[in-house]
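Heads up: the sequence shown begins at 0 in numbering that gives the first Met the number 0, then just goes up one per residue.
Here is the structure we will look at.
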Amino acid sequence: MNASRTITRSAPSFVAATSIVSSHLAVETPGAGFTDITREVAKFLREVGAGEGVVTLFIRHTSASLMIQENADPAVLLDLMTALDRAAPEDGGWRHDTEGPDDMPAHIKTMLTATSLQIPVLDGEMALGTWQGIYLIEHRARAHRREIVLQFIGATKS
């Protein structure tokens, strides 16, 4: 049996979604690894005067991805890269290697992570937890220019 626990919920908040605002974020990656884009997304929300709503991020690539992950201990990101490398090693005998040995592993790593994220926006701020950050994950060994579509849907403050 489960021990008793307390569950609470705030009262519902109703807001008419009156705005849809989109932008493109270009990120130059140095090669495989994590790039924290949290501040850029927050900047977008400030610029559009976001109030209540949701922000969606979508990466327009098949060898890079998006993730919400811990932003306090850098060892977490190193361990996550190690886990992804173990899940899809370059020497895995992949048939698709058109752009090099990291080509197919990059596609697999993207499949295991996410190409889009949706984050609630409350009073103009993303409802992220204390230790959460938004990351672009570059799965290719060499540098790339990656494009992310940002879209806020909701009420604006203006």
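We treat Cβ as the ideally placed atom computed from N, Cα and C, and that holds for glycine.
On a predicted model such as this, the values are computed, not experimentally measured, just so you know.
- Inside the segment 32-118, DSSP marks whole alpha helix (DSSP H) runs of 4 or more residues at positions 37-47, 73-86, 102-111, from first to last along the chain.
- For the 8 Å CB-CB criterion, H143 and T34 do not form a contact.
- Counting of Cβ neighbours within 10 angstroms places G91 among the exposed residues, the total staying below 16.
- Closest by C-alpha distance to A63, out of T155, I147, I152, is I147.
- Between the segment 111-127 and the segment 38-54, the count of Cβ pairs shorter than 8 Å is three or higher; the stretches touch.
- Here L44 is near M125, since their CB atoms are less than 8 Å apart.
- Looking from the CA of H60, the closest CA among T112, V20, Q68, I133 belongs to T112.
- Contact check for L135 and L65: beta-carbon distance about 6 Å, within the 8 Å limit, so the pair qualifies.
- In the three-state reduction of the DSSP assignment, S22 falls in the strand class, which pools E and B.
- By DSSP's assignment, V120 forms a beta bridge with G52, M125.
- According to DSSP, residue pairing for F13 in a beta bridge does not occur.
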